[in-house]
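Those sequence lines, one after another, are chains A and B. According to our numbering, the first sequence is numbered sequentially starting from 46. According to our numbering, the second sequence is numbered sequentially starting from 46. Beta carbons: idealized from backbone N, C-alpha and C, even for Gly. Note sheet for the following structure.
2 protein chains.
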Amino acid sequence: MKKQIKVFAPATVANVVCGFDVLGFAVNEPGDEVEMTLTDQPGVKIVQITGDNGKLPLESHKNTVSVSVQHYLKHINREDVGVEITLHKKMPIGSGLGSSSASTVAGLFAINQLMGSRLTAKELIPFAMKGEELACGYGHADNVAPALMGGFVLIRSYDPLDIISLPVPTNLHAAIVYPEVDVPTKDARQMIRTKIQLKDAVTQWGNVAGLVSGLFLDDLDLVGRSMKDVLVEPFRSILIPGFEELRNIAIENGAVGFGISGSGPSVFALTKDSLTARKITDLQQAHLTKMKINSSAFVSAVNTEGPKLL
Amino acid sequence: MKKQIKVFAPATVANVVCGFDVLGFAVNEPGDEVEMTLTDQPGVKIVQITGDNGKLPLESHKNTVSVSVQHYLKHINREDVGVEITLHKKMPIGSGLGSSSASTVAGLFAINQLMGSRLTAKELIPFAMKGEELACGYGHADNVAPALMGGFVLIRSYDPLDIISLPVPTNLHAAIVYPEVDVPTKDARQMIRTKIQLKDAVTQWGNVAGLVSGLFLDDLDLVGRSMKDVLVEPFRSILIPGFEELRNIAIENGAVGFGISGSGPSVFALTKDSLTARKITDLQQAHLTKMKINSSAFVSAVNTEGPKLL
């Protein structure tokens, strides 16, 4: 059995505009890397974290990667195993791109590989949700499920957990821009109203059903028409500088659809090819620069394989 | 060009449990029939209605069939045409099975045939919605769209109207029971809360997305798991005698899923074959008889063709 491994796990776009808390997809860039080594000393240790500017805890009981790996080892009755983890953060923290999820999933994918792939990607989801609980205050699945399974994922139900893989239209790309402003997930959730109008909910689930249908029918026009959010975006977008202008840039330049990634502040567009995606992020970044806001951009195909060995 | 025609249009099950106001499907039984004759006297006349126990108006401006035919003729600039209509109600009125919709759709299908099929089924939907506006007080599409197009239909959006045909799993049957109690659509709508919890809406759109995915994947287990309604059924089911017991009968006897048809009082189960459907309706009717409630039952495959010539 292998003793050392290096893996990648993808960033993810949760919600996909209309599917608040139930939809997400993975991208090929960015993502996090984990190096994992088995040792003879029982216990899970974080030995090093790079790229986090000292933001993430090294203590095993506080870090989402080690905590979820501990849960995994307990589940398979291998708490005798020693694990040393190096985490390379290769994506911004608090950006709305499933940063904690990418790290956690990389860790779980690595330990599962080292333990002989005892669980399937789907079976790893509950362990990754433990990591999300630690990072975000509640164990959501709309980042970890697509990060583990790749592609578009529907969380039909949390209790019991019921996860459905949805098809990915050919050559679908994501154009992501992260404006470097601070929007903690907890605050972004507090922007949302807990009581809503039934008629708005009907509009929303018409769009959720339309988006899912568009994916199955490979009908990107339908996907785009369905990427509307009357419930959450109106509030969360307030925290994102120049949101309406960023949307206009995306739509006027051929995006299938546009919206907030997760709880923001990152925004994303879906596009039919890589060139369109790059054009959109270039123009959006130029706009943010005019607003004196630093930003990063990521262009890649929608990820269809989930985490991978490096 | 033909001068006389007889057509059938199907009953429909709106909402399909989780898809309030956005989903519906058509059945092969029951349905309404319309005989239509072109004459030289301009104007749309209802000459006879059978099977309605005198409940429906014969006046052209009050009857949903004639009103929608008038809208159609105005649209194609043929108000010079004379039309005589005989409506055969072959299904219960106020049963939650899209009774007004079946009549209206039969009328529109007939006139469109007589006028040389100038509009597609989808293009007829707005005219049928005019009929629903007259019958129910608002122009909903979750009965008329499946009645016109057959199969399962998603109304993604009302403004603009955006209708998506969904696949019908092979051999899917509907087991419908109509307990003969009075539940007017308007009252049933008033049972519903206009303000809801966001978390309940999330549960609901997870299920809507699951149901749509199940249809595309031909996964009847997923369809069944998704047929849950936390928002509307808890209130509307109060008006339906023995609702929980009717559900238990359906689920214990192999139904894919069970719920209220439209605004009730009819209930329906989806099943994998006709025998299962018949067994369920027999047991449900026996239960209603014990409760001293008269009922009718209808068993048929899900309709995939919409209205047809007789």
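Run through the DSSP bridge pairs and tell me what residue i is partnered with.
i	result
residue 207 of chain B	B/202
residue 133 of chain A	A/78, A/95
residue 219 of chain B	B/315, B/345
residue 57 of chain A	A/71
residue 52 of chain A	A/79, A/354
residue 100 of chain A	According to DSSP, which records beta bridges pairwise, residue 100 of chain A is partnered with nothing at all.
residue 88 of chain B	B/127
residue 224 of chain B	B/340
Quick check: the Cα distance between residue i and residue j, rounded to an integer number of angstroms?
i	j	result
residue 144 of chain B	residue 257 of chain A	30 Å
residue 120 of chain B	residue 174 of chain B	14 Å
residue 344 of chain B	residue 110 of chain B	26 Å
residue 55 of chain B	residue 261 of chain B	23 Å
residue 95 of chain B	residue 157 of chain B	23 Å
residue 225 of chain A	residue 49 of chain A	35 Å
residue 334 of chain B	residue 351 of chain A	56 Å
residue 275 of chain B	residue 243 of chain A	12 Å
residue 71 of chain B	residue 146 of chain B	11 Å
residue 326 of chain B	residue 263 of chain B	24 Å
residue 204 of chain B	residue 269 of chain A	15 Å
residue 355 of chain B	residue 79 of chain B	10 Å
residue 328 of chain B	residue 292 of chain B	11 Å
residue 297 of chain A	residue 271 of chain A	17 Å
residue 117 of chain A	residue 330 of chain B	51 Å
residue 247 of chain B	residue 342 of chain B	34 Å
residue 142 of chain A	residue 207 of chain B	31 Å
residue 136 of chain A	residue 76 of chain A	6 Å
residue 138 of chain B	residue 210 of chain A	41 Å
residue 273 of chain B	residue 281 of chain B	14 Å
residue 53 of chain B	residue 285 of chain A	55 Å
residue 287 of chain A	residue 321 of chain A	20 Å
residue 161 of chain A	residue 299 of chain B	39 Å
residue 347 of chain B	residue 265 of chain B	14 Å
residue 189 of chain B	residue 170 of chain B	7 Å
residue 91 of chain B	residue 191 of chain B	25 Å
residue 186 of chain A	residue 338 of chain B	46 Å
residue 218 of chain B	residue 199 of chain B	19 Å
If I follow the unbroken beta strand (DSSP E) through residue i, where does it start and stop?
i	result
residue 73 of chain B	68-84
So residue i is in the alpha helix (DSSP H); what residue range does that whole segment cover?
i	result
residue 302 of chain B	No alpha helix (DSSP H) holds residue 302 of chain B; the beta strand (DSSP E) holding it covers 302-305.
residue 325 of chain A	319-335
residue 244 of chain A	243-262
residue 266 of chain B	265-271
residue 356 of chain A	The shown model of chain A, from 46 to 355, leaves out residue 356 of chain A, and the question about it has no answer.
residue 109 of chain A	109-120
residue 288 of chain B	288-297
residue 279 of chain A	278-281
Can you list, in chain order, the residues of the region 198-217 of chain A whose Cβ is nearer than 7 Å to any Cβ on chain B?
199, 200, 201, 202, 207, 209, 211
Beta strand (DSSP E) runs contained entirely in the region 167-203 of chain A, provided each spans 3 or more residues:
Considered as a whole, the region 167-203 of chain A harbours 197-203 as its complete beta strand (DSSP E) runs of no fewer than 3 residues, in chain order.
Residues in the region 66-85 of chain A having any Cβ partner in chain B nearer than 8 Å
66, 67, 68
When you check each C-beta in the region 227-260 of chain B against every C-beta of chain A, which residues fall closer than 7 Å?
Flagged, chain order: 237, 238, 239, 240, 241, 242, 243, 246, 247, 249, 250, 251, 252, 253, 254, 255, 257, 258.
Selection of the region 267-280 of chain A by Cβ proximity to chain B, strictly under 8 Å:
267, 270, 271, 276
If the cut-off is 7 Å on Cβ atoms, which residues from the region 160-189 of chain B count as contacting chain A, listed in chain order?
Listed in sequence order: no entries.
Under 7 Å, CB to CB, which of the residues in the region 288-309 of chain B have a partner in chain A?
With the criterion set as a beta carbon lying under 7 Å from some beta carbon of chain A, the region 288-309 of chain B has no members that meet it.
Listed from N- to C-terminal order along the chain, which residues in the region 140-162 of chain A have their beta-carbon within a distance smaller than 7 Å of any beta-carbon of chain E?
Any reference to chain E falls outside this structure, whose protein chains are A and B.
Relative to chain A, which residues along the region 49-64 of chain B have a C-beta separation below 9 Å, given in chain order?
Residues of the region 49-64 of chain B with a Cβ closer than 9 Å to any Cβ of chain A, in chain order: 63, 64.
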